Each structure stands twice: as C-alpha cells, then as structure tokens.
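Structure first, then comments.
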Amino acid sequence: MFTSVLRPLELHSTVGFSVIWKLSETPNKRRLRVCASCKRAETVMDTRVATAELGWTAYPNSGWEEVSGYDENLNTIRTYQVCNVFESSQNNWLLTTFIDRRGAQRIYVEIRFTVRDCSSIPNVPGSCKETFNLYYYETDAVIATKGTAFWMEAPYLKVDTIAADESFSQVDFGGRLMKVNTEVRSFGPLSKNGFYLAFQDYGACMSLLSVRVFYKKCPSVVQNFAIFPETMTGAESTSLVIARGICIPNSEEVDVPIKLYCNGDGEWMVPIGSCTCKAGFEPDNGNVCRACPPGTFKSAQGPGLCLQCPPNSRSAAEAATICVCRNGYYRGDADQPDEPCTSVPSSPRNVISIVNETSVILEWHSPRETGGRDDVVYNIVCKKCRADRRSCSHCDDNVDFVPRQLGLTDTSVFISNLWAHTLYSFEIQAVNGVSNKSPYPAQHVSIDITTNQAAPSIVPIMHQISSTMNSFTLSWPQPEQPNGIILDYELRYYEKDHAEINSTILRSQTNTARVEGLRPGTVYVVQVRARTVAGFGKYSSKMCFQTLTDDDFKSELREQLPLIAGSAAAGVVFIVSLVAISIVCSRKRAYTKEAVYSDKLQHYSTGRGSPGMKIYIDPFTYEDPNEAVREFAKEIDVSTVKIEEVIGAGEFGEVYKGRLKLPGKREIYVAIKTLKAGYVEKQRRDFLSEASIMGQFDHPNIIRLEGVVTKSRPVMIVTEFMENGALDSFLRQNDGQFTVIQLVGMMRGISAGMKYLSEINYVHRDLAARNILVNSNLVCKVSDFGLSRYLQDDTSDPSYTSSLGGKIPVRWTAPEAIAYRKFTSASDVWSYGIVMWEVMSFGERPYWDMSNQDVSVCLKTQKQFN
C-alpha cells in the first residue's frame, strides 16, 4: 500500500512502497480556489481544516475508505478514496455528516479530487469509470448515522455528474506530477435547517482530496455615504436581493429609498438613492462626514466642502451651518450664507428743495457710507405741521409722490397736491437690505418747507337735481383741496352739437346753480370751476345734461293731475307739507356753506319706508368721498385677512377668495376685491364708493360688507363669500335640476332685497341675474352697486338722469330708462321682471339672439303701442 499526499491507490498488480507525490493545479482551477475563498463566500464545512476523522458514512464497507495524508505544505489532511475498478456493478456511496445551511438559500460545493486514467490500468474491465455523482438531501434534523443510512437514489436530489478535466496514469519513480481537479457545483433553493451531501461512485479509481461547502454573500459595504449590511445571495444564481441602506453618521438622504442589489455572485450592483453630508459636515475619505472646524461653515446638505466664514462674520463651534454676523453687521433676508455681513447706510446729504405753489421738488446726495451694499433706496416721510410747529400729523392720502414715496432709487422726488400756505416737514430716509435688522431707526435727514398760495383743485363731479323744458338745476361738492376760502363758482355750458367757443358763463355763490333759457330736449355740456383769492382752479371734466321734451313735460303733467284733483283734505296735507318743507329749508339756509352736507346720517321717517328707517345717502354728495368710506365702511386690519385664490377679475382689479379672522370672532370665508397697482386717486374713490354704498345696507338678501382695507396695499373691499357664484352661470350649470318651488324661492329672495332697497330710496340700475350671488343654501343676494345713484325726494317723480354717453344694459332696462336715461324704482321693477324670466329659463339670454338695436326698437314700439 502506498503512503503519500493522496495515499496512492491500492492496485492488485503493485507491490507496497512509499512515495511523496508532487501535486499540480491548472491556472483556471487555482483561480476558482481564490474566488471561492474570497470575502464574498462564507464556509459552512471544509475538510481541509479537519484534524480528526471526518466520520462520514460509507456503504458498502468495501467501498470508500478514509485515509490520512499531507498537503503541499505538509499539513495533515483527511481524504476519502475508492478504486474497485476490477469488480463490475459498483455502487459505492459516501454520506457526509449533517450540514447546517445557516440561513443560506443556495449552497456551493467545491470538490478537489484526482482520477486514475482507466486506460493506464492494465487488464481493467470495461466498467471502469472516470466520473462520479453528487447528491444532496434536505432535512430539518439529523437522521443519518453510521448505523442508520439509506442507500437509494430516490431520497436524494442529484446535483450533477462530475467528470475530471485531468486524470493521471501509473506513477513512475521520476516524480511525475499528479493532476488535481477542482470543481464547484451549486444547488437550491433550500428551506429546511440543513442537508447531507452524498457522493456515488460506480466504478472509478479516484480520491476526494477536500470538500468545501459554502454560500455566497455580498459583504457589508459603505457606498454613497450609506451603510449596507452583509447580505446573502438569492435562491438562484440569477437572483437579485434588495438591501436597504442606512445613512452614515452626520449624513442625510438625498433620494429614497436607498438600496443596492446583491447578485448571485455576491457582488453589489444597481445602486439606487444616496446620502450626502449634512449641513455643517463635509465628506472625508469618500465615506465619512467630518464636522466643519471653527472659522468655517457649510450651509446646505450636499457634497460641497466647508468654506471660510465671509467678512464680518464668525463661527466659534464645530459643524457650523452659517457664520454669525459680528456686532453692528447684519445679513439681509435675501442674502446667501456665503455673502459678507453688511451694515446700514449713513444719512443722505445736501438736501435742497424747490417750492412751486402747492408742489415741491426735493433733491439730495447719496450717503457717504452704503454699509457695503448696493441696494440703497430712499423713503419719504411727509408730515403736515401747525404754524407754531407744536404738532405734526401725517400727510393726506391724496398727496402725490413721483415716481413714488417708498423705495426710490433716484435721489429726487416730485411732491404735489399739498395744501397752500402750510408748513410741511419731509424726512428722507436711506435704507438698504439690512435696515430692518438694525435696532436703530433708518438714517435720515429732514427739511421743512412752506407752500405758497394756490388755486383750488378740480370739482370732482356734478349732479342734476331737477330738469324742465327750459332749465335744469345742478349741484356739486366742494373741491377736495380748496386751498383757501371758496369765493364763488363759474359754470361754462354749451349745446353738445355746437362748438365750445359758443359757451355761456354763469356765476354762483353756492355749490348749486339753476341754468335757464335753454332749448327743450337739448343736451348741454357743462363744466364748473372754483375761485379763491389765488384765482380760478381748473375746469371739471365735461358732463352732459338734458332738458325735457314737450312729450316729457306732458307726461309729467298727466302724472300730476290726480294729485291736483285730490280731496280738500289732501290739499290741506299738501299745504302743511309745503309749510314744513319751507321751515326746514329756512333753517338750512341759516347754516354756513361748510354745513351744506351736514346731518347726512339723520334717520328719516318717510312714507316710502318703515318708521325710523335710514334713507340711503349718495357718497358722491360728500365734499370728501373718503369721509363716506370712514362713516359707512369699517376699517379692517390687513393682518386679519388671508388671501387664498383668484376667483375672478373686476373693473378695478382681481377678486379673491380668502378668510377673515376678526378678534373675538370665528374665522369665515370672504370675497376680496382689490384695487390694482398704479391707480389714480379718482379710481381709488370710485372703487371705494361701492363700499360706501354697501355699508349702508342691512338685509339678508343684500350682499353683506365685512369692511375695507385702506391703510395698506392693496386697497381691499371685503364681503361675505357666496359659494355658488353668479346666479346666471349657476342656473346654466344646473339646467333642469331645481323644482318650480325652489326657483320661486330664489325670486322671492331677490324681490325681498329689492323691496328693501326701494324703501330706503335706492335705485340699483343694473339688476340682472349676473349681479345676483347664490350661497350654498340657495339664498340669493343682490350685489354689484357700481351703477347706483341717490334717489332724490325733491320732486314728485324721483329719478336719476344719466348722461347720454353712459352705457345701459339694454336687455334688462325699462323702455323709459333707455329713451330718457331716467332710472327709478319702477325701472328696477322692470329689470326684476327680466330676472324672473332668466330664473325660470335656467339662465337663458333675454331676447335670445336679437341684437341690442333690435331690442331697443322692439321696446320703443311696445311703448308707443301702449
């Protein structure tokens, strides 16, 4: 018997002697060994490290034999060999001990073995083999021992038939090299606790040098600043196992989820997501986040490095995300953390003023110190002071600043609409992007000026009080800036079809005038201007007024005949009324000119309304329309209003949906009308006039005014929010969805609101479904009061007469209003009839596709027929 590294095989034709073999491996097999022992494999059994008997079970006893030998480093190893090649029908089994799979789903087996070349054995029968079979049996417990082994192919699962790449022939004494084969096989998926390996020899002369069982894994790795744990491969060689990553200390996720895929060879692949160092930490050595040292900072998460603190700032601790500004220096809201800290500018220099009547030009030089910034701008604070300088107040809202009052980039400003002979103090502030951070007020310089004498400002509007065939009576408010005592007014009028050069001049000591000697049914253009000791102001804008025609006069006479034919009692009442009116008028004449519009808020008890009901007051009759806003509309702090979304656009600006939270009240949804930027004072007055009108109403079917915002920008009118919007579009969107009872309920609500307006002498003039708003409970409320005017009680036929150039909603307007521009509560009733038709037709257009001209002709024909 031989004794060698392999223990040479016993051959019947040899005699016993001892020799040490030289083992040789081919390069590709050596690479397999290296790969199998790398970090991507975890060994669960290796016979090369065994120092005692392996204790495997062999069947039959004449088959496999365990022997000891030495490897190339003269280390003792245990091997199994078999060589029953001269006997036919061989079936030799070798069963390992129980192997714990340790949670692996796929197992790899590395077998190192040698095989004798059958052709090199003399007289060998044809049953000699150079291959063997590898099997495995999966189980949850130890079931096989030397005394209880089963030897059938049925319980086992075959892995493969293994053939040798290299075989050896008979050994010579010249030290011929023996070729060692290394084969690796795998099997899976495994689900039980462990398994057995079985080797079947059926006629080979071979030796098992070593058997190593292992599974593959992806080792723990730090990649993209994330830690991925050690991960076993999948059940198949092509499986990809997902491993979730955890950011390393002081890093944060960039993309989630962070994961890698472990392939069947134990290699990481397909990285998804990553982490980067937090603000205040920078990457170091690829996968470490190091804190920024003092004097440096890093403001944002990412791969960037720590930066030195910018000028006028510092960081005293590690991991700084921003450098704190030094005392007296600041960082603006829009400044980046890597920008220097800056300071406030010094005050403007060398201010000069140029006064021209009630306007002034201010000019100045830039500050010597800008604070290290290039965003210096200037604000103008205007104060109006008493002559003795004891007290000052902020200038009126109508003072104009060109190009603007705040945020000036140039070093000059033009200021106008000041009061004459008045002391003003102007403060010019220099501010920059960090002025609001400083605890000290903005650096400024002040200058006092006194305005000169000036003519009065323009009369804003005129009203027609009454009209006959040969005359009409007009009134107008005092100019907003009289700039002194108004001495008198001058009217200039001429026929609209004639040239302005043919105009006639009329003087009036009061703000009313009766223009006589006119032609019947003629339109006249009228302008008015005021005069003080400084002279005349500018003429007002041109307005058109018309005298009555002969038909108009006869119509009014017919309407008054029943009154003339009344009873004596009625006559007595009429006379008493005249006496009462004369007494009231005589008392009014005793008032001064400044008291013409006093007692506007007096409560009246008239035949048209309920006792004590407040009569509507036209805000345009006020000398100062802003006074009407203050009296009828509540000022709201802009901080209580939250704008959420645009829901429409009005004549003056956007309309928003928002929320209002007044102190001590619950938060409610509101509609917010805004005045667009760049408005002139007239647009502001016209915009707020609607609030002055709405503020006088209090009825469940009239849109409710919550208040106004006039002390900040943008100027706002805040009303209750109606969820379903305008009635016409709401009906069209829900065509056929409401019952007749529901439709009648809508009309009843509109009627109730209009009855209330009529009782307080208010004429709407533009009643239409588009100007009715609907809430979530289908309650209809009248809105849009832009075309309304005060219903005068001075005549027997209260009406408002507009200029011929005004736009009229023809399809909703009564025939007499179209023909004569005369609007009354009766014409509102006509419009209500059209609204009823819109409601019952679910938003159909009145008169369908007829043009406005055809509608006018139709209405005129109907009026003549009646």
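Position 240 of the sequence shown, counted from 1, bears residue number 240 in UniProt numbering, the numbering being contiguous throughout. All residues carry an ideal CB built from backbone N, CA and C; glycine is no exception. Model, not experiment: these values are computed from the prediction.
| Item | Value |
| --- | --- |
| Span separating the alpha-carbon of residue 515 from that of residue 459 | 18 Å |
| Sub-8 Å separation of residue 674 and residue 645 beta-carbons | no |
| Residues near residue 769 by beta carbon distance below 6 Å, same chain, minus five either side | 727, 728, 835 and 838 |
| Cβ neighbour criterion (16 or more within 10 Å) applied to residue 276 | buried |
| Residues bridged to residue 400 [DSSP beta-bridge criterion] | 416 |
| Helix, strand or coil at residue 206 [DSSP, three-state] | strand |
| Distance CB(residue 340)-CB(residue 310) smaller than 8 Å | yes |
| Residues that DSSP places opposite residue 707 in a beta bridge | 718 |
| Every unbroken beta strand (DSSP E) within the UniProt domain "Fibronectin type-III" (344-454), with a cutoff of 3 residues, ordered by chain | 349-356, 359-365, 377-385, 392-394, 400-402, 412-416, 423-431 and 443-450 |
| Residue 197 versus residue 213: straight-line alpha-carbon distance, rounded | 10 Å |
| Contact belief for residue 86 with residue 125 at Cβ below 8 Å, rounded distance in angstroms | 7 Å |
| Beta-carbon gap between residue 525 and residue 494 smaller than 8 Å | yes |
| contact_flag[the stretch 647-666, the stretch 731-743] where n(CB pairs < 8 Å) is 3 or more | no |
| Given 8 Å, three or more beta-carbon pairs between the stretch 503-518 and the stretch 422-437 | no |
| Span separating the alpha-carbon of residue 159 from that of residue 129 | 18 Å |
| Whether residue 782 touches residue 856 by CB criterion (8 Å) | no |
| Coarse secondary structure for residue 731, derived from DSSP in three states | helix |
| Where residue 815 sits in the DSSP three-state scheme | helix |
| Beta-carbon spacing of residue 215, residue 110 below 8 Å | no |
| From 510, 491 and 243, residue whose alpha carbon lies closest to that of residue 503 | 491 |
| Buried versus exposed, by CB contacts within 10 Å (16 or more), residue 114 | buried |
| As assigned by DSSP and simplified to three states, the class of residue 43 | strand |
| Buried/exposed call for residue 200, threshold 16 Cβ in 10 Å | buried |
| Nonlocal neighbours in the same chain, by C-beta distance under 6 Å from residue 634, ignoring five residues either side | 707 |
| Buried versus exposed, by CB contacts within 10 Å (16 or more), residue 500 | exposed |
| Residue range of the unbroken beta strand (DSSP E) whose run includes residue 68 | 65-70 |
| Status (buried if at least 16 other CB within 10 Å, exposed otherwise) for residue 746 | buried |
| Exposed unless 16 or more other CB atoms sit within 10 angstroms - verdict on residue 391 | exposed |
| Stretch pair the stretch 240-253 + the stretch 261-279: three plus CB contacts closer than 8 Å | yes |
| Under the three-state DSSP convention, the category residue 854 falls into | helix |
| Rounded straight-line distance, which links the Cα of residue 209 to that of residue 180 | 9 Å |
| Cβ contact (3+ pairs, closer than 8 Å) linking the stretch 345-363 and the stretch 312-320 | no |
| Span separating the alpha-carbon of residue 308 from that of residue 332 | 19 Å |
| Nearest to residue 76 (by Cα), restricted to the options 245, 49, 96 and 90 | 49 |
| Within 8 Å, strictly: CB atoms of residue 415 and residue 431 | no |
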